[in-house]
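Peer 1:
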Amino acid sequence: MAVVNCNTTESMTETAAARARLAVGPDVEIVGITPAWGVASAEGWYDSFISAAAVLQTLESLPDDIDGVVMAGFGEHGREGARELLSIPVVDITEAAAHLAMPLGRRYGVVTSVRRAVGQIEDSLTTAGLIDRCAAIEDTGLGVLELDEDPFATAEAFVAAGQRAIAKGAEVICLGCAGMAGLEEHVRDRLPVPVIDGVAAASALVETLIRQGLSTSKIDSFASPRAKRRSWSV
Numbered sequence: 001m002a003v004v005n006c007n008t009t010e011s012m013t014e015t016a017a018a019r020a021r022l023a024v025g026p027d028v029e030i031v032g033i034t035p036a037w038g039v040a041s042a043e044g045w046y047d048s049f050i051s052a053a054a055v056l057q058t059l060e061s062l063p064d065d066i067d068g069v070v071m072a073g074f075g076e077h078g079r080e081g082a083r084e085l086l087s088i089p090v091v092d093i094t095e096a097a098a099h100l101a102m103p104l105g106r107r108y109g110v111v112t113s114v115r116r117a118v119g120q121i122e123d124s125l126t127t128a129g130l131i132d133r134c135a136a137i138e139d140t141g142l143g144v145l146e147l148d149e150d151p152f153a154t155a156e157a158f159v160a161a162g163q164r165a166i167a168k169g170a171e172v173i174c175l176g177c178a179g180m181a182g183l184e185e186h187v188r189d190r191l192p193v194p195v196i197d198g199v200a201a202a203s204a205l206v207e208t209l210i211r212q213g214l215s216t217s218k219i220d221s222f223a224s225p226r227a228k229r230r231s232w233s234v
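Note that the working numbering has the sequence shown beginning at 1, numbered continuously upward.
1. Just to check my reading of the structure: Asn5 and Ala16 have Cβ atoms closer than 8 angstroms, yes? What is that Cβ distance to the nearest angstrom?
2. So, for Ala165: in the same chain, excluding its five sequence neighbours on each side, which residues have a beta-carbon less than 7 angstroms away from its beta-carbon?
3. Do you know offhand how far Gly182's Cα is from Gly162's?
4. Tell me where the beta strand (DSSP E) around Asp236 begins and ends.
5. Please classify Pro89: is it buried, with 16 or more other beta-carbons within 10 angstroms of its beta-carbon, or exposed?
6. Return the residue from the list Ser113, Pro151, Arg106, Phe49 that minimises the CA-CA distance to Arg133.
7. Near Leu191, which residues of its chain fall below 8 angstroms by C-beta distance, leaving aside the five closest residues on each side in sequence?
8. What's the gap between the Cα of Val118 and the Cα of Glu80?
9. Should Gly25 be labelled buried (16 or more other beta-carbon atoms within 10 Å of its own) or exposed?
10. What number of angstroms, rounded off, separates the C-alpha of Asp64 from the C-alpha of Ser87?
11. Measuring alpha carbon to alpha carbon, tell me which of Thr127, Ala23, Leu205 ends up nearest Gly78.
12. Quick check on DSSP: helix, strand or coil for Leu209?
13. Name the residue from Val39, Gly73, Arg19, Met1 whose alpha carbon lies nearest to the alpha carbon of Ala62.
14. At what residue ranges does the stretch 145-179 contain a whole run of the alpha helix (DSSP H), taking only runs of 4 or more?
15. Taking the runs of the alpha helix (DSSP H) that are 4 residues or longer, which of them lie wholly in the stretch 50-125?
16. Report the residue from Arg83, Ala42, Thr94 whose alpha carbon sits nearest the alpha carbon of Gly129.
17. State the Cα-Cα distance for the pair Thr216 and Arg83, rounded to the nearest angstrom.
18. Alpha carbon to alpha carbon, how far is Ala285 from Glu76?
Spelled out as structure tokens, the structure:
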């Protein structure tokens with residue numbers, strides 16, 4: 001199984017891959033993949049579209065022994081394109097976190113990094129058909145690359161944002177950034193609701209799909225891209 005980072009920061013790839021390994025069985029091999037080009041952190045529409053192109057090019061040369069993909073970018077673009085490109089299961093951490101939250105509470109909330117990510121997350125959840133159960137999307141005010149600088153400050157900011165989401169009706173909280181992977185272990189006891197990590201949720205879901213022998217439907221929406229000349233450079 002591949003855990004594909006949406007940005008070029010290797011340490012974030014390693015964090016996401018490590019969290020994925022804890023979520024799957026001991027016989028599942030997790031391969032962390034970092035795009036060779038793109039953005040150091042995806043924070044906004046411009047970054048997200050660049051990130052999507054880099055990730056999709058990376059997926060074009062995915063090793064043959066990979067049988068499932070976790071897209072480790074919360075609210076980032078590229079999910080539907082990846083499903084056209086690949087026949088193996090592709091699960092985005094945004095939708096996986098929401099899917100796992102819904103059996104645990106009537107409405108869920110998302111706590112993300114910066115405010116400008118909120119609109120993208122709303123759109124991603126809307127496209128996935130999951131926005132109606134979302135009570136709130138709150139930000140910590142911390143940039144993606146700031147999350148690891150001061151773990152205490154990050155936890156405090158997350159708890160404060162989580163409390164705002166709960167006040168708006170959230171009964172479950174989702175970590176809204178792959179760079180937050182593992183943070184749930186440090187904040188779970190400080191919030192009165194379940195806290196879900198999307199990387200772990202997506203990894204477990206991909207494993208389930210693989211074990212059941214399920215793959216992406218190619219009959220219509222995610223049919224393979226039409227044959228034509230495409231280039232990534234001029």
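Glycine residues also receive a C-beta, built at the ideal position from the N, C-alpha and C atoms.
In this text the structure is predicted, and so the values were computed from the model without any measurement.
Peer 2: Let me spell this out:
1. In the sequence shown, the residue the question calls residue 5 occupies position 5. In the sequence shown, the residue the question calls residue 16 occupies position 16. With a Cβ gap of about 6 angstroms, Asn5 and Ala16 count as contacting.
2. For this step, residue 165 is matched to residue 165 along the sequence shown. Cβ within range, chain order: Gly109, Val111, Ala135, Ala136, Glu138, Ile173.
3. Position 182 of the sequence shown, counted from the first residue, corresponds to residue 182. Position 162 of the sequence shown, counted from the first residue, corresponds to residue 162. Distance between the alpha carbons of Gly182 and Gly162: 16 angstroms.
4. The requested residue 236 is not part of the displayed model; the chain covers only 1 to 234.
5. Stepping through the sequence shown from its first residue, residue 89 is reached at position 89. When all chains shown are included, Pro89 counts as buried.
6. The residue given as residue 133 occupies position 133 in the sequence shown. Closest option to Arg133, Cα to Cα, is Arg106.
7. Locating residue 191 in the sequence shown gives position 191, where the first residue counts as 1. Cβ within range, chain order: Val159, Gly162, Gln163, Ile166, Ile173.
8. Translated into the one-based positions of the sequence shown, residue 118 becomes position 118. Translated into the one-based positions of the sequence shown, residue 80 becomes position 80. Between Val118 and Glu80, the C-alpha separation is close to 20 angstroms.
9. Sequence index remark: in the sequence shown, residue 25 carries index 25 (1-based). Gly25 is exposed by the Cβ-count criterion.
10. Stepping through the sequence shown from its first residue, residue 64 is reached at position 64. Stepping through the sequence shown from its first residue, residue 87 is reached at position 87. Roughly 12 angstroms separates the two Cα atoms.
11. Stepping through the sequence shown from its first residue, residue 78 is reached at position 78. Ranking the options by Cα distance to Gly78, first place goes to Thr127.
12. Counting from 1 along the sequence shown, the entry for residue 209 is found at position 209. DSSP places Leu209 in helix when its eight states are reduced to three.
13. As a first step, residue 62 is located in the sequence shown; it is residue number 62 there, counting from the start. A small fix is needed here, since residue 62 is Leu in this sequence, not Ala. Leu62 has its Cα closest to that of Met1, out of Val39, Gly73, Arg19, Met1.
14. 151-167
15. 79-85, 93-101
16. Looking up residue 129 in the sequence shown gives position 129. Nearest of Arg83, Ala42, Thr94 to Gly129, Cα basis: Thr94.
17. On the sequence shown, position 216 is the one that residue 216 refers to. On the sequence shown, position 83 is the one that residue 83 refers to. Between Thr216 and Arg83, the C-alpha separation is close to 7 angstroms.
18. Since the first residue shown for the chain is 1 and the last is 234, residue 285 is missing from the structure and cannot be characterised.
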